[in-house]
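Each residue of the sequence shown is one higher than the one before, counting from 8 in my numbering. Reviewing the structure listed below.
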Amino acid sequence: MKGIVVEGTYTDDPLNTYGGFGVVEIPDLQELLKKLCLGGFAHHVAATLNEVADIVFEALTTYFNLDIEYH
Numbered sequence: 008m009k010g011i012v013v014e015g016t017y018t019d020d021p022l023n024t025y026g027g028f029g030v031v032e033i034p035d036l037q038e039l040l041k042k043l044c045l046g047g048f049a050h051h052v053a054a055t056l057n058e059v060a061d062i063v064f065e066a067l068t069t070y071f072n073l074d075i076e077y078h
């Protein structure tokens, strides 16, 4: 299993849709999209309002020895 941990900021942009949704501003988004497309990553996402990417990255790489990148 491999993955990428990314931090961003939720915006207040309105959306005319339903279900779980949100607009997120991610630094260097174009580079991230390139990595996702060329790296064969599945398109599943988990999100939180908390800033925990560094903790999640450490846990997944140190304790579970997973192939995780930090964007």
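Glycine included, each C-beta is placed from N, C-alpha and C at the ideal position.
Using a Cβ-Cβ cut-off of 9 Å, state whether Ile62 counts as contacting chain C. Chain labels in this structure do not include chain C; a single protein chain is all it has.
Just to confirm the assignment, what range does the beta strand (DSSP E) spanning Gly46 have? Note, Gly46: premise wrong, no beta strand (DSSP E); alpha helix (DSSP H) at Leu36 to Gly46.
In the structure shown, what three-state DSSP assignment does Glu65 receive? helix
Using only CA atoms, which one of Thr55, Leu40 and Leu56 lies nearest to Ala49? Out of Thr55, Leu40 and Leu56, Leu40 has the C-alpha closest to the C-alpha of Ala49.
Hey, Gly15 and Glu38 are a contact pair by Cβ (cut 8 Å); roughly how many whole angstroms apart? Their Cβ separation, rounded to whole angstroms, is 13 Å, which puts Gly15 and Glu38 out of contact at 8 Å.
When we look at the beta-carbon of Val13 and count the other beta-carbons within 10 Å, is it buried (16 or more) or exposed? buried
Can you name, in chain order, every residue of its own chain whose Cβ lies under 7 Å from the Cβ of Leu22, other than the five neighbours on each side? By the criterion of a C-beta distance shorter than 7 Å, Leu22 is surrounded in its chain by Phe28 and Val30, once the five residues flanking it on both sides are discounted.
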